[in-house]
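Novice: This structure is in structure tokens; I'll ask about it shortly.
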Amino acid sequence: MPTVLDVISNALIEVGALAQGETASAGDSSFGLSKLNRMLDQWNARELYVYTVRFDEYTLTPNLQPHTIGSSSATFTVTQRPIEIRSANIILNDVTPTVNTPLNIRDADWWSSLTVPDLSTTLPTDLYYAPKWPNGEIYLWPIPTIAYGLQLNTWTVLGGFSGLAETFDLPPGYEEAITLSLAESLGPGFGTNPNLMLSDLARKARAIIQGVNSEAPRISSRDSGVPTGGPPTPYFNYRRGS
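Residue numbers (my numbering): 19 to 260.
Laid out in structure tokens, this is it:
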């Protein structure tokens, strides 16, 4: 696998700031590392660069509001707070087998419209996530009074690199997209402008990983001209037991 220095050197070659066979100076390599991490940080804000989602489990603290998640003395400690929570479940861990009960993901308007935000219960039904920095804030409603589990489905962020010798290990397609995009970004700092061919190759490389990461919409259909009939399909509601 290539190292971070390999990726930076290839980007410098692509933009014409380094000749093949030459070694980038310490200053140029350091600048390239900084630009690389800044670019990845920007990509983390866009869903189409997210190559997978995580399913992580935590334990709730009864009567706590909000629960925080992040790297700075948070309730749930992670390397970086999630950009978005896509879905969530309360895990009923006092039964065997455990049961997942879905939470409704809400927005700020919904949260601000609550007339009794401090209502408490054993089993919350809704979750509002405020992606503050450095720790995000998770508001559960009603406020849980039992230490159930909490499963969060979140974006996987692209981690930054701490050194030039670090191994560059990302899914297929990312090395080319990052190398060419980094070359575009490095150009102005070396007094060169990316040519149209480089920009086109970088755009196509980004489109490939974005295409892989994009989700196909859920589509339901029925036979043309055949109406549905009969009662709805029954289901079991765990909360009501019916």
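Each residue gets a CB set at the ideal place from its N, CA and C atoms; glycine is no exception.
Quantities reported herein were computed from a predicted structural model and do not represent experimental measurements.
Give me the Cα-Cα distance between residue 160 and residue 228, rounded to the nearest whole angstrom.
Specialist: 38 Å
Novice: Is it the case that the Cβ atoms of residue 78 and residue 162 are separated by a distance below 9 Å?
Specialist: Taking 9 Å as the cut-off, the Cβ atoms of residue 78 and residue 162 count as close.
Novice: Is the closest heavy atom of the ligand SAM to the C-beta of residue 170 under 8 Å?
Specialist: In the structure shown, the ligand SAM is absent, as is every other ligand, since no ligand is present at all.
Novice: Report all residues from its chain with a CB closer than 6 Å to the CB of residue 102; omit the five preceding and five following residues, and keep chain order.
Specialist: 173
Novice: Would you mind listing the beta strand (DSSP E) stretches within the segment 123-156 that are 3+ residues and don't spill past its ends, in chain order?
Specialist: Runs of the beta strand (DSSP E) inside the segment 123-156: 144-148.
Novice: Drop a sphere of 10 angstroms on the beta-carbon of residue 81, count the other beta-carbons inside from all chains shown, and report buried for 16 or more, exposed for fewer.
Specialist: exposed
Novice: From 140, 156 and 166, pick the residue whose C-alpha is nearest to that of residue 112; which is it?
Specialist: 166
Novice: In its own chain, which residues sit with a C-beta less than 6 Å from the C-beta of residue 85, not counting the 5 before and 5 after it?
Specialist: Excluding residues up to 5 positions away in sequence, 93 and 156 lie with their Cβ nearer than 6 Å to the Cβ of residue 85 in the same chain.
Novice: Would you mind stating whether residue 87 and residue 154 have Cβ atoms separated by less than 9 Å?
Specialist: yes
Novice: DSSP three-state call for residue 105: helix, strand or coil?
Specialist: strand
Novice: Residue 20 by DSSP, collapsed to three states: which one?
Specialist: coil
Novice: Going by other Cβ atoms of all chains shown within 10 Å of its Cβ, with 16 needed for buried, is residue 179 buried or exposed?
Specialist: buried
Novice: Contact between the segment 133-149 and the segment 35-48 is defined here as three or more beta-carbon pairs at a separation below 8 Å; is this criterion met?
Specialist: no
Novice: Are the segment 197-208 and the segment 23-33 in contact at 8 Å, needing three or more beta carbon pairs?
Specialist: Note that the segment 197-208 touches the segment 23-33; at least 3 beta-carbon pairs, one per stretch, sit closer than 8 Å.
Novice: Once you ignore the five residues that flank residue 19 on each side, which residues in its own chain have a CB closer than 6 Å to its CB?
Specialist: 185 and 187
Novice: Only counting the same chain, and skipping five residues up and downstream in sequence, which positions put a Cβ closer than 8 Å to that of residue 30?
Specialist: 36, 42, 46, 50, 201, 204 and 208
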